[in-house]
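The sequence shown runs 1084 to 1418 under this note's numbering.
Working notes, structure below.
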Amino acid sequence: MKVLVTGAAGFIGFHLSRRFLSMGFDVVGLDNINDYYSIEVKYSRLDLLKQHAKFHFAHLDLADTHGMAKLFVEQGFTHVVNLAAQAGVRYSIENPRAYIDSNVVGFLNILEGCRHNKVSHLTYASSSSVYGLNTTMPLSVHDNVDHPMSLYAATKKSNELMAHTYSHLYGLPTTGLRFFTVYGPWGRPDMALFLFTKAILAGEPIKVFNHGKMRRDFTYIDDIVEGIVRVAMHTATPNPDWSGAAPDPATSPSPYRLYNIGNNKVVELSHYIEVLEDCLGKKAIKEYLPMQLGDVPATEANVDDLVSDVGFKPATTIEEGIARFVEWYRSYFKV
1084 MKVLVTGAAG FIGFHLSRRF LSMGFDVVGL DNINDYYSIE VKYSRLDLLK QHAKFHFAHL
1144 DLADTHGMAK LFVEQGFTHV VNLAAQAGVR YSIENPRAYI DSNVVGFLNI LEGCRHNKVS
1204 HLTYASSSSV YGLNTTMPLS VHDNVDHPMS LYAATKKSNE LMAHTYSHLY GLPTTGLRFF
1264 TVYGPWGRPD MALFLFTKAI LAGEPIKVFN HGKMRRDFTY IDDIVEGIVR VAMHTATPNP
1324 DWSGAAPDPA TSPSPYRLYN IGNNKVVELS HYIEVLEDCL GKKAIKEYLP MQLGDVPATE
1384 ANVDDLVSDV GFKPATTIEE GIARFVEWYR SYFKV
């Protein structure tokens, strides 16, 4: 096993790389170390990964077509997990072109690399944001998702469509994973849990959107990683029962699959904050605000396919997950 993990200096990519290394795999971690958020935490993650003899770092941008082609030829990957992307729903409204470069052009380079170098299986990050205006809960991979609410979501949906095309044309096995609000140690500094923790400890107000009524399927990082590993080792296969008369969006007559990875349990943002306050031993100063442009009021993952196909269902409670995050935060920042 020789695995390419893109976005290896990122939150999920770091944890996944460590997991693959613990399994004895050779891991090439790719990242462009962009400054969307503080690069200090990215380098801290990389420093830990570089302690492993089987980890090799490639400082490269997905949109570098020549560099990506060269990397695939030289390394001969058996598996690829694409986690690199320009993240953030809100930032996509401010800087849309960054999302096309990374999430569309970059993903094409991944597909081309896999196609021309006989990669056994491409697993890639999609997002729960693709559900957009869908309101039927829990959200299912078998539902139509043609109404995104942000360019970020649209680029993730485009990844699923591009992957299907390569599965159909070239027989490349591809599996897309729709992640639901990932949190935990080493998390992204731009996400709510990190921002809330920093502000509460500093005695500063936190911004609570939709007046605390946002409902999210918060998913702990270890559950996300377990799901990715199981899916990556479970190569996508054609669905022999697929019908063009009643097309199933989650499968195909080609080797193509989609899965949700979520906790399958909805938590209101106000309760999430209460649990964090308990873990910190300090109350938050709350600034209640309306919903932000591009956000959805609720998410909840249907994970039936994940359970039936790879035998895994995320189950970490927010009480346990937030406590672990706070323990890491205090240790890392010496608070």
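By construction, the Cβ of each residue, glycine as well, lies at the ideal position given by its N, Cα and C atoms.
- In the structure shown, PHE1263 adopts coil according to DSSP, grouped into three states.
- ILE1368 counts as exposed, since fewer than 16 other C-beta atoms from the protein chains shown sit within 10 angstroms of its C-beta.
- Take TYR1339, set aside five residues on each side of it, and the residues of its chain with a beta-carbon closer than 7 Å to its own are ALA1246, HIS1247, SER1250, THR1257, ALA1319, in chain order.
- If you check the CB distance, LYS1133 and LEU1104 do not come in under 8 Å.
- Rounded to the nearest angstrom, the Cβ distance from HIS1149 to VAL1308 is 31 Å, too far for a contact under 8 Å.
- In the DSSP annotation of this structure, the continuous segment of the beta strand (DSSP E) that includes PRO1288 starts and ends at 1288-1292.
- A straight-line Cα-Cα distance of about 32 Å links SER1203 and PRO1179.
- VAL1418 and HIS1354 have their C-alpha atoms roughly 24 Å apart.
- Nearest to ASP1147 by alpha-carbon distance, out of ASN1165, VAL1124, LEU1191, is LEU1191.
- Taking the CA atoms as reference points, PHE1155 sits about 18 Å from GLY1254.
- If you compare the alpha carbons of ASN1346, SER1212, VAL1265 with that of THR1399, the shortest gap goes to ASN1346.
- Inclusion of LEU1376 and ILE1183 in the CB contact set at 8 Å is not warranted, their separation being larger than that value.
- Taken in chain order, the complete alpha helix (DSSP H) segments of 4 or more residues contained in the region 1151-1215 are 1174-1177, 1179-1182, 1189-1199.
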